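So the structure is just underneath, and the comments pick up after that.
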Amino acid sequence: MTARILITIAPDGTVAAKTKGMYGDRCLDYIPVLENLLEATAADSSYTADYTRAADRAHEAARDLEQA
Amino acid sequence: MSVSVLLVPLALAAAAAVTGVAAGRDAQGRVVCQVRTRMRDANLLGAALRESGGVVSTDDTGAVHADWQQSRATFQRDQDGIWSAHFTGEVDESRAVEITRAVDVAYGRQVQQAVLQRLRERAGSAGLRLESEMVADDHSVQLVFQVEGRS
């Protein structure tokens, strides 16, 4: 899946950004990139479904290895 | 999607748009209203004041003055670099807040355009390729970037 960043700039000047197609901690690399690019500071952040899904898959893989 | 982030540009203080309204009288007995804002950038402030119909000037102290038909506001920075407005003339607290809110709305639009321009100029060097751009009904601008070199 192609990795994308969706950026919404509100008329009050605040910015919301979402990553798509990036799984796990890799998406966190883009928070400082966006801060630098936009000359902004991150006020709030939250994980979305893909992050949790990727973490669950990693957890399941580790458990399968232990049981093998 | 994997992470969602809310970002506040450095031109904006992380505070409510208009706060700390205080009223008093100066030595000549004129009403003076002070209103704290979230604005930090002098150039964008000047542009917002002009957009609000004010005649803008600066002085040697770094203060920014805006004159409207019946009132004058002097903007000065506090220790955090945030502009506060001091109103004199035919103005009471509610009118001072009303004017400051109008300037804040104009300032928000200025910040939006500045952020948009910065994104267009710098996204490529950060490895982001613009795929689409649209303006929504609420006047927000939505951009989609493809992250180059990653899939």
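Protein chains in written order, with this note's numbering: chain A, -5 to 62; chain B, -19 to 131. Don't be surprised by glycine CBs; every beta carbon is placed ideally from N, CA and C. This structure is a prediction, so every number in the text was calculated from the model and none was measured.
- Residue pairing by DSSP places Trp63/B opposite Arg57/B in a beta bridge.
- CA-CA distance, Ala(-6)/B to Arg18/B, rounds to 7 Å.
- As a beta-bridge residue in DSSP terms, Cys13/B pairs with Ala3/B and Phe67/B.
- Gly107/B is positioned such that its CB atom lies closer than 9 Å to that of Glu128/B.
- Remark: fewer than three beta-carbon pairs, one from each stretch, lie closer than 8 Å, so the stretch 43 to 51 of chain B and the stretch 33 to 43 of chain A are not flagged as touching.
- Nearest to Cys13/B by alpha-carbon distance, out of Glu70/B, Val36/B and Arg98/B, is Glu70/B.
- Two segments are said to touch when three or more pairs of C-beta atoms, one from each, lie closer than 8 Å; by this definition the stretch 23 to 43 of chain B touches the stretch 78 to 98 of chain B.
- Under the DSSP definition of a beta bridge, Thr35/A partners with Val(-12)/B.
- A distance below 6 Å between beta-carbons, with the five flanking residues on each side excluded, links Lys14/A to the following residues of its chain, in chain order: Arg(-2).
- Taking C-beta atoms as the reference points, Val27/A and Leu(-13)/B fail to come closer than 9 Å.
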